[in-house]
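K.L.:
Going down the list, the protein sequences come from chains A and B.
As numbered in the numbering used here, residues 1 to 289 make up the first sequence, in order.
As numbered in the numbering used here, residues 1001 to 1289 make up the second sequence, in order.
Protein chains: 2
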Amino acid sequence: MNEQNFVAALRSIATHRAARGLADDAAALELNGETLVVTHDAMVEGRHWLPGQDMADVAWKLVAVNLSDLAAKGAEPLGVLIGHTLGDGDARFIEGLREVLETYGVPLLGGDTVGGHGARTLGCTALGRASRCPVPSRAGAQPGDRVYVTGTLGLAMLGFEALRDRTGADSTAYRRPAPRLAEGRALAPIVTAMMDISDGLLLDAWRLAEASGVTLAIDGNDVPVADAARRRECLSWGDDYELLFTAPAAMALPLEPYYIGTVRPWMEAPLVLDGEPFSQAKGLGYQHG
Amino acid sequence: MNEQNFVAALRSIATHRAARGLADDAAALELNGETLVVTHDAMVEGRHWLPGQDMADVAWKLVAVNLSDLAAKGAEPLGVLIGHTLGDGDARFIEGLREVLETYGVPLLGGDTVGGHGARTLGCTALGRASRCPVPSRAGAQPGDRVYVTGTLGLAMLGFEALRDRTGADSTAYRRPAPRLAEGRALAPIVTAMMDISDGLLLDAWRLAEASGVTLAIDGNDVPVADAARRRECLSWGDDYELLFTAPAAMALPLEPYYIGTVRPWMEAPLVLDGEPFSQAKGLGYQHG
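(1) Which term fits B:Asn1066, buried or exposed, when burial requires 16 or more other beta carbons within 10 angstroms of its beta carbon?
(2) On the three-pair Cβ rule with 8 Å, is the segment 86–99 of chain A touching the segment 142–156 of chain A?
(3) So A:Arg57 is in the beta strand (DSSP E); what residue range does that whole segment cover?
(4) Going along chain B, which residues have a C-beta under 8 Å from A:Phe6?
(5) Would you please state the rounded distance, in angstroms, between the beta carbons of B:Pro1134 and B:Ala1028? I believe it to be under 8 Å.
(6) Examine chain A for any beta-carbon lying closer than 7 Å to the beta-carbon of B:Glu1034, and answer yes or no.
(7) By Cβ distance below 6 Å, which residues in the same chain neighbour B:Thr1246 in space, the five residues on each side in sequence not counted?
(8) Against chain B, does A:Glu3 count as a neighbour if the rule is that its beta carbon must be under 7 Å from one of theirs?
(9) Excluding the five sequence neighbours on either side, which residues of its own chain have a C-beta within less than 6 Å of the C-beta of A:Ala217, listed in chain order?
(10) What residue range is occupied by the uninterrupted alpha helix (DSSP H) comprising A:Val359?
(11) Beta carbon of B:Gly1033, beta carbon of B:Ala1075: below 7 Å?
(12) What residues of chain B sit near A:Arg47, judged by a beta carbon separation below 8 Å?
(13) Along the alpha helix (DSSP H) that carries A:Tyr174, what are the first and last residues, could you check?
(14) Mark B:Trp1206 as exposed unless 16 or more other C-beta atoms lie within 10 angstroms of its C-beta, in which case mark it buried.
(15) Looking at C-alpha atoms only, which residue of A:Val44, A:Ser68 and A:Leu101 is the closest neighbour of B:Gly1115?
(16) Closer than 7 Å by beta-carbon distance: list the chain B residues that pair up with A:Thr103, in chain order.
(17) Whose CA, out of B:Thr1125, B:Glu1233 and B:Val1058, lies closest to the CA of B:Ile1082?
(18) Taking only beta-carbon positions, decide if A:Leu81 is within less than 7 Å of chain C.
(19) Give the interface partners of A:Arg305 over in chain B, defined as CB-CB distance under 7 Å, in chain order.
(20) In chain order, what residues of the segment 1223–1254 of chain B put their CB closer than 8 Å to some CB of chain A?
(21) Roughly how many angstroms lie between the CA atoms of A:Gly154 and B:Thr1150, to the nearest whole one?
(22) I'd like to know if A:Ala42 contacts chain B, where contact means its C-beta is closer than 7 Å to some C-beta of that chain.
(23) What did DSSP end up calling B:Cys1234 once you bin it into helix, strand or coil?
(24) With 16 other CB atoms within 10 Å as the buried threshold, where does A:Gln53 fall?
(25) Select from the segment 194–221 of chain A all residues with a C-beta closer than 7 Å to any C-beta belonging to chain B, and list them in chain order.
(26) Use the C-beta contact count for B:Trp1237: other C-beta atoms within 10 angstroms, 16 or more gives buried, fewer gives exposed.
(27) In three-state terms, what does DSSP make of B:Tyr1241?
(28) Quick one, which of A:Ala64, A:Ala72 and A:Thr103 has its alpha-carbon nearest A:Glu123's?
(29) Can you tell me which of the three DSSP states B:Asp1204 falls into?
(30) Can you check whether the C-beta of A:Thr192 is within less than 7 Å of a C-beta belonging to chain B?
(31) Quick check on B:Tyr1174: buried or exposed, where buried means 16 or more other Cβ atoms within 10 Å of its Cβ?
(32) I want to verify the contact list: residues of chain A whose CB lies under 9 Å from the CB of B:Leu1070, in sequence order.
(33) How is the beta strand (DSSP E) around A:Tyr148 delimited, first residue to last?
(34) From which residue to which residue does the beta strand (DSSP E) around A:Ala196 run?
(35) Among B:Leu1243, B:Ala1008 and B:Gly1105, whose alpha-carbon lies nearest the alpha-carbon of A:Thr113?
(36) Please list the partners that A:Ala59 has in chain B, where partner means a Cβ-to-Cβ separation under 7 Å.
Right, here's the structure in full:
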C-alpha cells in the first residue's frame, strides 16, 4: 500500500474529530479546560538522514520536527517520548537529544528502545499545551487574507548539499532546524490558518489552500530565499520548518514575517505562483511514500 | 550500545520527575488538575511478531500493549498515535487497528507513516487520563503487603507455540492480548504498587521489588498458570499483560485477584520464589536488547 492509500484507510477508521491530526500537523484534545496538542513523526535511516550522518544531529532533528508541529499549533511543549532503534552512533544520539531538549527546555517523558536490523526507524511523540483554543489549523484561510512566511527558505537545501558534498559550507539549517515555538505562540491568536513548512513552501501552500477551500496566490519574488539564482528550488525544498500562515489584511502582527501572497476565493487550482495555476500537488515539493 | 546502557544514558539526561516513565510503564504529567498518562512502545518485525503473522493481530497487539501500560496506571485511554512503516499486510494492519480501537473505544489521534526496508518498526503512543493521583508506580510496595496477580499466566506462551507450530490450538492470548483497563482503574486507588506483566511474572516481580526496595516472596504454586506441568515456564514467559500489584493485607479488594505472595523487608535478593532467592534478574524472564 502506498502512503496516500494507507493514510486514507486510517482516516476511514478515525471517527474522532481529533483525527484530523492524521492529515494535519498535530492533533488537539480537550482535557479539563486545557487543550493538549500531540504529534508523532518518524524518521527512517537512508531516507530522512544521510548515511554516516552524525546521530547527534539526527536526534536533534527528530525532536525539532515534532516541536515544529507544536509550534504550528501555537503550543508550548510539555515533553517528548522517543522510540529508538539501537545501532551505530547511539552515544552521539543521546548527546544530540540532550542538546535539543536543553535548548528548548523540554523534558524527556519516556519512550521505548528496541533492537533491530536493516534501516532504522526512529520515532518521537511530542506533547504540548495550546495557548489558544481552537488551535490553528490548515483549514481556516479566508479570501482576502494575506499569506506570510516567518523566514528564509532554502537554507536547509544548501545545508543538505554542503553535508552531502562535504564542501565545508554551513549545514546547520539542515542538521539542526529551529522550531518556531515563540513565533507560533505569538501568531496563534491572530492567524486564520497556520502550518509548518516541512515539505517545501509550494506543496505546503497547496495543501493549506486545499484544506481551506481557497486559492493561495503567491508572488515568488516576495519569498525570502537563501539563493536567488535557485529561487524555484528554494520554494520546493523542504526541511526549513518556517511557519506558513494566513491572517486578515488589516490584522496587526506580533512579529515581522514576510508577506508573500494573498488568499483568493477558490479558482481553478489551490495554488497560483506568479500567475501560473497548479491544480496538482505532484512535483511541487517533497512527496512521501 | 545495548539497551540497558542506552536507557541508563537516557536517564542521565532526563531530569524531569515524569522521566521515571523511561523505566516505568508510563509517564504521568500534571496538567491543570488532570493527570495525563503517556506511554510509547515499539514492535520490531521478526522480534515482536512472527514472520508471516497476520498484520491485523500485530496492529491489535501494538495498541493493546500500550493500553496495558495505561491500565497499570489506572488510566482511562484518551487516544493513540501510530507510527507505521509501510509493507506487506498494510490492509490487514488497518483492519486490526480498527478492531482494537473499536473494542476499547479509543480514538485514533494521529501518527506518521513512512516507507522503509528491512525489518519494520511500528510504534504506538497512548494517552490516558488517570483516575487517581499520584498514579500507581512500581516503587510503592511496603513490607507486609500482599502480592496479587489479576489472571492466569502462560496463556500467551501456549498461544505463541500454537501459532509457531501451526497446531491449530487457540492462539488468541498471544495474538490479541486484552489490556486490563477496568481492573487497573478499579485497583489504582488501593494498590501500593502496580505494573503490567509484559516480560514474565518473575522478571517483572523482581523489577517491582527492586524499585520498591523490598523483597517479594512468591509461592509459585499459588500462581494461576495455563499449564501446571510447565509452571516455571509460565512464570517466566511474557506477553500475558495481567496486572501485578501489591496492597495492604487488610485492604478490601474491588475484584478477586490471585494472592500469590507477600512483601517482606529487603533481604538478600529482590525476589524469593518458593524459598529460593534470586539476586540477579538474568534468566528470570524476557530480557530486551
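Built from N, CA and C at the ideal position, the CB exists for glycine as well.
P.N.:
The answer reads as follows:
(1) Counting Cβ neighbours within 10 Å, B:Asn1066 comes out buried, since at least 16 surround it.
(2) Cβ pair count under 8 Å is below three, so no.
(3) In the sequence under discussion, the amino acid at residue 57 of chain A is Asp, which differs from the Arg named in the question. For A:Asp57, there is no enclosing beta strand (DSSP E); the enclosing alpha helix (DSSP H) covers residues Met55 to Ala72.
(4) By Cβ distance, chain B contributes His1084, Leu1086, Asp1090, Ile1094 and Thr1113.
(5) Beta-carbon to beta-carbon, B:Pro1134 and B:Ala1028 are separated by about 7 Å, close enough to satisfy the 8 Å threshold.
(6) It does; some Cβ of chain A falls within 7 Å.
(7) Cβ neighbours of B:Thr1246 beyond the five flanking positions: Ala1141, Asp1145, Val1147, Thr1192, Ala1193 and Val1263.
(8) A Cβ of chain B is located within less than 7 Å of the beta carbon of A:Glu3.
(9) Beyond the five residues adjoining it in sequence on each side, A:Ala217 comes within less than 6 Å, by CB distance, of Gly261, Thr262, Arg264 and Val272 in the same chain, given in chain order.
(10) Because chain A in this structure spans residues 1 to 289, residue 359 of chain A falls outside the shown range and cannot be described.
(11) Contact: no.
(12) Simply Val1114, Gly1115 and Gly1116.
(13) A:Tyr174 -> alpha helix (DSSP H) spans Thr172 to Arg175.
(14) Looking at its Cβ environment, which holds 16 or more other Cβ atoms inside 10 Å, B:Trp1206 is buried.
(15) Comparing Cα-Cα distances from B:Gly1115 to each of A:Val44, A:Ser68 and A:Leu101, the minimum goes to A:Val44.
(16) For A:Thr103, no chain B residue has a Cβ inside 7 Å of its Cβ, as the nearest lies near 12 Å away.
(17) Nearest C-alpha to B:Ile1082 among B:Thr1125, B:Glu1233 and B:Val1058: B:Thr1125.
(18) Within the model displayed, chain C is absent; protein chains A and B are what it includes.
(19) With chain A covering only 1 through 289, there is no way to say anything about residue 305 of chain A.
(20) Correct list: empty, as no residue qualifies.
(21) If I take the Cα positions, the gap works out to 57 Å.
(22) With 7 Å as the cut-off, A:Ala42 counts as an interface residue toward chain B.
(23) In the displayed model, B:Cys1234 falls within a helix according to three-state DSSP.
(24) Counting Cβ neighbours within 10 Å, A:Gln53 comes out buried, since at least 16 surround it.
(25) From the segment 194–221 of chain A, no residue has a Cβ closer than 7 Å to chain B.
(26) B:Trp1237 comes out buried.
(27) Looking at B:Tyr1241 - three-state DSSP - the assignment turns out to be coil, as it is neither helix nor strand.
(28) What sits at residue 123 of chain A in the sequence shown is Gly, not Glu. Looking from the CA of A:Gly123, the closest CA among A:Ala64, A:Ala72 and A:Thr103 belongs to A:Ala64.
(29) DSSP places B:Asp1204 in helix when its eight states are reduced to three.
(30) No, because no Cβ of chain B sits closer than 7 Å to the Cβ of A:Thr192.
(31) The residue in question, B:Tyr1174, is buried, as its Cβ has 16 or more Cβ neighbours within 10 Å.
(32) What B:Leu1070 touches in chain A: nothing, since even the nearest Cβ is about 12 Å away.
(33) If you look at A:Tyr148, you'll find it in the beta strand (DSSP E) that goes Arg146 to Val149.
(34) The question names Ala, but residue 196 of chain A is Asp in the sequence shown. That run of the beta strand (DSSP E) goes Ala193 to Asp196.
(35) Looking at B:Leu1243, B:Ala1008 and B:Gly1105, the one whose alpha-carbon comes closest to that of A:Thr113 is B:Ala1008.
(36) Here the premise fails: no neighbours, minimum Cβ distance about 10 Å.
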